[in-house]
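Peer 1: Using our numbering, the letters of the sequence shown map in sequence onto residues 892 to 1349. One structure coming up, written as structure tokens, with questions to follow.
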Amino acid sequence: MQNTAQKPQNGLLRLDPSTVQSDLWKQPVKRIHEASDLVYFHQSVALHNIQATIIEFCQLVSFQEVPEGVLDDSIVSIEENARNGSHGVVCLAPPTTVDPGFQDVHHPAGVRAVLKVLSFLEDVKKRCPPLEGPRRFGNMAFRTFHDTLAEEIDEILGEAFGPLFHFGTSTIEEFVSEAKYYLVGSLGSRNRLDYGTGHELSFLAFVSGLLMCGIIEPEELKGTDILTMFGKYYDLVKELILSYTLEPAGSHGVWGLDDHFHLIYILGAAQLVNFSEVMNGGDSRENRRHNEENMRQRLTPAPRSVLNSTSLRRYRTKNLYFNAISFIKKVKSGPFNEHSPVLYDISSSKPWEKISKGMVKMYYAEVLSKFPVVQHFYFGGVLFPWKDQATGKALPETTPEETGGEFDTEASPGVEDSQTFDARNQPTLRNTHGSQFSRRSPPVRGSVEVPTKAPWAR
892 MQNTAQKPQN GLLRLDPSTV QSDLWKQPVK RIHEASDLVY FHQSVALHNI QATIIEFCQL
952 VSFQEVPEGV LDDSIVSIEE NARNGSHGVV CLAPPTTVDP GFQDVHHPAG VRAVLKVLSF
1012 LEDVKKRCPP LEGPRRFGNM AFRTFHDTLA EEIDEILGEA FGPLFHFGTS TIEEFVSEAK
1072 YYLVGSLGSR NRLDYGTGHE LSFLAFVSGL LMCGIIEPEE LKGTDILTMF GKYYDLVKEL
1132 ILSYTLEPAG SHGVWGLDDH FHLIYILGAA QLVNFSEVMN GGDSRENRRH NEENMRQRLT
1192 PAPRSVLNST SLRRYRTKNL YFNAISFIKK VKSGPFNEHS PVLYDISSSK PWEKISKGMV
1252 KMYYAEVLSK FPVVQHFYFG GVLFPWKDQA TGKALPETTP EETGGEFDTE ASPGVEDSQT
1312 FDARNQPTLR NTHGSQFSRR SPPVRGSVEV PTKAPWAR
């Protein structure tokens, strides 16, 4: 199958249903077996689709706020008396209902279907309360949550998306056979009781798949739709992290950007800039002055304001970057510059244009180019195939390893399979509309994992 993804007016990818036969749909399987396979991943249709989705989402959310009522403020609000002094774990109150100020009637049908699915996932969580008693390394009830989800996911996806799925001769069951992997994989590891950037990537892939098949019409999608879907998703996974005390997956400790997330910072920073200009050289001094004037007119907060409690309270339900910082301050004790030095340095010294562009470059280096993360990104036959983007031919494979049947998208902490990467010394990979990602050489298997230096730290 050739890469038949087409791009409507707003640039989001759309597959041509006439080229997708029913027998092409396949349950996603492992293709990245060792670090040397990364060179093939970087040539793949799958990575191209991921890159294009990130760039277009960032362009759509530019100068947009998360709609009122989407983000639950209680999940990220700081309550000092709710801390567990031993480990900084917050005792989360019972999940709240949907904010009465939130209305989804103005979203496209496909977006409303996603919100319905996320509401179902919230219901599954309520039916699987955490086991009582202190647990340092994750609550075993999280496995009950995943087991319950595995039994019901086909039915809920079929019910939510079936009426919207009109894709040639393909059936909704065939679509679900691929798409469910990415949704379930976005909710953390059942075996390791952890959550990390690979799981976050899996949700991006899930939404991208809905767009490629027209369940969400790309032409109808607005920035507020993206922020609503991701806002509800982030609320859900933060509740999972807090309720089941999930461990960070593959964390770099204090020298990582964040224990759990990265994409949330990309989207949040993109909300505060003209992302199209930023990714096409718009961080020049002249353009920065122009953008700063726009920001003053829009009352955009300065990067340093994320360190201010008053600003966090004001913006944490409007902006994903501020929401993520507020969550860190809720779950971690001590000075911010000590437990989150990378975010502290970024926010205290750089304009939003450099932060936005740097976050994208860092994502390619620290997530899409790290074997411990992407080794668990599986590949199906239609949505994210293991095929060469340039030729449409199948990419080479190494000898498969024994793998379990778990929907799993993040390596366990401590795996040492990548080498240090400096984005400044790599050639660039452009997607079809001119935006840039750095390309890296495949890492050496067995070398020590070291956090990548942030692109703006020069």
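Backbone N, C-alpha and C define an ideal beta-carbon position, used for all residues, glycine too.
1) When the Cβ atoms of the region 1236-1249 are set against those of the region 1072-1082, are three or more pairs found closer than 8 Å?
2) Looking only at its own chain, which residues have a Cβ that is under 8 Å from the Cβ of Gly1049, when we skip the five neighbours before and after it?
3) On the premise that Ser913 lies in contact with Trp1277, defined as a C-beta separation below 8 Å, what is that separation, rounded to the nearest angstrom?
4) CB Leu951 to CB Leu1112, shorter than 8 Å?
5) Locate the alpha helix (DSSP H) running through Arg1205, then write down its first and last residues.
6) In angstroms, rounded to a whole number, what distance separates the CA positions of Leu1006 and Gly1053?
7) From which residue to which residue does the alpha helix (DSSP H) around Val961 run?
8) Buried or exposed, going by whether 16 or more other CB atoms sit within 10 Å of the CB of Phe1213?
9) Is Val1008 closer than 8 Å to Ala1051 when the C-beta atoms are compared?
10) Count the other C-beta atoms from every protein chain shown that fall within 10 angstroms of the C-beta of Lys1221, then say buried if there are 16 or more, exposed otherwise.
11) CB-CB under 7 Å to Gln1280, same chain, minus the five flanking residues each way: which ones, in chain order?
12) Take Met1031 and list the residues in its own chain whose beta-carbon comes closer than 7 Å to its own, dropping the five residues that flank it on each side.
13) Consult DSSP for Ser1010 and reduce its assignment to one of helix, strand or coil.
14) Taking three-plus beta-carbon pairs below 8 Å as touching, is the region 1086-1099 in contact with the region 1156-1168?
15) Verify whether the separation of the beta carbon atoms of Phe932 and Ile945 is less than 8 Å.
16) Indicate the three-state DSSP secondary structure (helix, strand or coil) for Phe1028 in the structure shown.
17) Beta-carbon separation of Tyr1125 and Leu1211 under 8 Å?
18) Using a Cβ-Cβ cutoff of less than 6 Å, which residues in the same chain neighbour Leu1259 once the five nearest sequence positions on both sides are dropped?
19) Among Ser927, Phe1036, Trp916, which has the Cα closest to the Cα of Phe1058?
20) Bridge partners of Asp1279, per DSSP?
Peer 2: Taking the definition as stated:
1) no
2) Here residue 1049 is taken as the residue at index 158 of the sequence shown, counted from 1. Excluding sequence neighbours, Gly1049 sits near Ile1063, Glu1064, Val1067.
3) Position 386 of the sequence shown, counted from the first residue, corresponds to residue 1277. Position 22 of the sequence shown, counted from the first residue, corresponds to residue 913. The Cβ separation is near 19 Å, so there is no contact.
4) Numbered from 1 along the sequence shown, position 60 holds the residue referred to as residue 951. Numbered from 1 along the sequence shown, position 221 holds the residue referred to as residue 1112. Yes, Cβ-Cβ distance for Leu951 and Leu1112 is below 8 Å.
5) Counting from 1 along the sequence shown, the entry for residue 1205 is found at position 314. 1200-1206 is the extent of the alpha helix (DSSP H) around Arg1205.
6) What you label residue 1006 is simply residue 115 of the sequence shown in a count that begins at 1. What you label residue 1053 is simply residue 162 of the sequence shown in a count that begins at 1. Those two C-alpha atoms are separated by around 15 Å.
7) Looking up residue 961 in the sequence shown gives position 70. Premise fails: Val961 is in no alpha helix (DSSP H) and is neither H nor E.
8) The residue given as residue 1213 occupies position 322 in the sequence shown. Burial call: buried.
9) Working through the sequence shown from its first residue, we reach residue 1051 at position 160. Working through the sequence shown from its first residue, we reach residue 1008 at position 117. Going by C-beta atoms, Ala1051 is nearer than 8 Å to Val1008.
10) Here residue 1221 refers to the residue found at position 330 when the sequence shown is read from its first residue. Buried, since its Cβ has 16 or more Cβ neighbours within 10 Å.
11) Within the sequence shown, the letter at position 389 stands for residue 1280. So the list reads Asn894, Gln934, Ser935, Val936, His939, once near-sequence residues are dropped.
12) Sequence index remark: in the sequence shown, residue 1031 carries index 140 (1-based). Here the set comprises Leu1022.
13) Against the sequence shown, residue 1010 aligns to sequence position 119. Helix at Ser1010.
14) no
15) Here residue 932 corresponds to residue number 41 of the sequence shown, with the count starting at 1. Here residue 945 corresponds to residue number 54 of the sequence shown, with the count starting at 1. Cβ atoms of Phe932 and Ile945: not closer than 8 Å.
16) Taking the sequence shown and counting its residues from 1, the one referred to as residue 1028 is at position 137. If DSSP states are grouped into helix, strand and coil, Phe1028 belongs with coil.
17) Counting from 1 along the sequence shown, the entry for residue 1125 is found at position 234. Counting from 1 along the sequence shown, the entry for residue 1211 is found at position 320. Going by C-beta atoms, Tyr1125 is nearer than 8 Å to Leu1211.
18) Here residue 1259 refers to the residue found at position 368 when the sequence shown is read from its first residue. If we look at Leu1259 and ignore the five residues flanking it on each side, it has no Cβ neighbours.
19) Numbered from 1 along the sequence shown, position 167 holds the residue referred to as residue 1058. Considering only alpha carbons, the answer is Trp916.
20) Taking the first residue of the sequence shown as 1, we reach residue 1279 at position 388. DSSP lists Ser935 as partners of Asp1279.
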